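See below for the structure under consideration.
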Amino acid sequence: MDFVEKVAKDIKKLKIQGARSIAIAGMKTLKRVAAEDGFGNKFDRACRLLVTARPTAVAVYNAVKKVEKERTMKSINDLLYYFTNVSTLIAYKNHNLIKSNTTILTHCHSSVVVELLKTAKAKGKKFRVLVTETRPLYQGEKTARELAAVHIPVVYMDDSAPGHFIKDTDMLLLGVDAIRREGVVNKIGSYMLAVLAAENNVPVYFVGELLKLDKRKKIIIEERNPKEVIEPKKLRGVKIENPAFDITPWKYVSGVLTEKGLMSPKKILRMLK
Numbered sequence: 010m011d012f013v014e015k016v017a018k019d020i021k022k023l024k025i026q027g028a029r030s031i032a033i034a035g036m037k038t039l040k041r042v043a044a045e046d047g048f049g050n051k052f053d054r055a056c057r058l059l060v061t062a063r064p065t066a067v068a069v070y071n072a073v074k075k076v077e078k079e080r081t082m083k084s085i086n087d088l089l090y091y092f093t094n095v096s097t098l099i100a101y102k103n104h105n106l107i108k109s110n111t112t113i114l115t116h117c118h119s120s121v122v123v124e125l126l127k128t129a130k131a132k133g134k135k136f137r138v139l140v141t142e143t144r145p146l147y148q149g150e151k152t153a154r155e156l157a158a159v160h161i162p163v164v165y166m167d168d169s170a171p172g173h174f175i176k177d178t179d180m181l182l183l184g185v186d187a188i189r190r191e192g193v194v195n196k197i198g199s200y201m202l203a204v205l206a207a208e209n210n211v212p213v214y215f216v217g218e219l220l221k222l223d224k225r226k227k228i229i230i231e232e233r234n235p236k237e238v239i240e241p242k243k244l245r246g247v248k249i250e251n252p253a254f255d256i257t258p259w260k261y262v263s264g265v266l267t268e269k270g271l272m273s274p275k276k277i278l279r280m281l282k
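Using this note's numbering, the first residue of the sequence shown is number 10, and each one after it goes up by one.
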């Protein structure tokens with residue numbers, strides 16, 4: 010297995026997780042391939058492996074397609090710089106949305122959501138964050154640890170518990186894997202939480218860079234190994250499904266926090282035309 014295959018495998022197995030982290034790993038991989046072998050067949054092979062590792066996530070797809078077209082080291086370096094710094098820019102542009110004495114509900118792990126909350130804390134805001142465990146791989150644990158490490162009050166809960174806490178919640182804040190005309194693609198369970206929030210008049214904000222705008226005709230919702238949910242032999246004769254993402258329709262979205270600030274669904278949809 011060469012280093013490109015290893016990176017692709019690590020992405021598939023979530024050793025590298027989060028759309029921005031995947032994109033950074035992808036650009037670093039292409040930079041190494043280009044430095045060692047140029048922009049020939051090995052480079053094209055690396056591009057194919059990277060865009061198919063997590064087919065739902067669009068950031069790495071958009072980045073790879075741009076590099077494939079331009080085929081320059083400058084384009085790779087520019088994208089590396091962008092993905093490395095965009096979370097800080099998004100946090101700087103949008104931290105004022107976080108108010109003191111509020112409760113924020115989040116789901117899964119998003120590096121940009123964590124960065125935004127850390128920035129709000131550093132600016133003197135006092136708030137608490139409700140974090141779902143995010144089964145089946147318990148990705149919410151990473152969010153809880155990172156927030157607690159900077160002394161942000163955290164309540165960690167079962168995925169079924171948000172309905173109990175929603176009336177004490179002031180905002181739903183979620184990451185983004187892709188932004189499409191149908192809605193916002195994020196970790197499975199996001200749609201359910203957005204409906205719950207809307208039913209209780211809680212605003213729903215997604216956070217992500219504009220390079221996650223997805224103009225592909227179709228999106229493949231990644232179906233992961235059933236063993237992540239349960240060992241199949243324990244439920245013989247039962248079909249086990251494990252979709253990694255769902256799509257939240259725009260009618261449940263209050264806005265998207267980007268490197269250009271807060272954008273309304275209408276503005277985003279104009280950009281997707």
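Beta carbons are placed, not taken as given, at the ideal position from N, Cα and C, and that holds for glycine.
No experiment lies behind these values; they were computed from the predicted model shown.
Residue i - DSSP class collapsed to helix/strand/coil
i, result
"Pro252", "strand"
"Tyr4", "Nothing about residue 4 can be read from this structure; the chain reaches only from 10 to 282."
"Ile107", "coil"
"Glu14", "helix"
"Leu244", "helix"
"Phe284", "Here the chain has residues from 10 to 282 only, and residue 284 is not among them."
"Thr141", "strand"
"Pro274", "helix"
"Gly35", "helix"
"Thr65", "coil"
"Pro235", "helix"
"Leu220", "helix"
"Val60", "helix"
"Val213", "strand"
"Val265", "strand"
C-alpha distance - residue i paired with residue j, whole-angstrom precision
i, j, result
"Ile25", "Lys134", "31 angstroms"
"Phe48", "Ala68", "21 angstroms"
"Val185", "Thr115", "12 angstroms"
"Glu191", "Lys108", "30 angstroms"
"Gln6", "Lys74", "This structure does not reach residue 6, given that the chain is present from 10 up to 282, and the question cannot be answered."
"Ile188", "Gly270", "15 angstroms"
"Val163", "Val138", "5 angstroms"
"Pro171", "Leu146", "18 angstroms"
"Leu125", "Asp53", "35 angstroms"
"Val76", "Thr257", "30 angstroms"
"Gly35", "Val95", "16 angstroms"
"Val2", "Leu58", "In the structure as shown, the chain starts at 10 and stops at 282, and residue 2 therefore has no counterpart that could be examined."
Nearest to residue i (by Cα), restricted to the options the options
i, options, result
"Asp177", "Lys260, Ala44, Ile256, Ile113", "Ile113"
"Thr38", "Thr65, Asn86, Pro64, Val67", "Asn86"
"Val42", "Phe174, Glu150, Val16, Glu191", "Val16"
"Ala203", "Lys196, Val194, Asn195, Val213", "Val213"
"Ile33", "Glu268, Thr111, His104, Ser120", "Ser120"
"Phe254", "Met82, Pro241, Asn195", "Asn195"
"Ala100", "Lys21, Val122, His118", "Val122"
Any C-beta of chain B under 7 angstroms from that of residue i
i, result
"Lys260", "No chain B is part of this structure, which consists of one protein chain only."
Checklist entry - Taking only runs of the alpha helix (DSSP H) that begin and end inside the region 157–210, which ones reach a length of at least 4 residues, in chain order? => result 171–174, 199–208
Checklist entry - Can we say the region 216–233 touches the region 154–169, given the rule of at least three CB pairs closer than 8 angstroms? => result no
Checklist entry - Which residue spans inside the region 82–130 form an unbroken beta strand (DSSP E) run of at least 3? => result 111–115
Item to check | Stretch pair the region 230–249 + the region 166–182: three plus CB contacts closer than 8 angstroms | outcome: no
Checklist entry - Pairing CB atoms from the region 51–62 with CB atoms from the region 118–129, are three or more of them under 8 angstroms? => result no
Checklist entry - On the three-pair Cβ rule with 8 angstroms, is the region 160–169 touching the region 246–266? => result no
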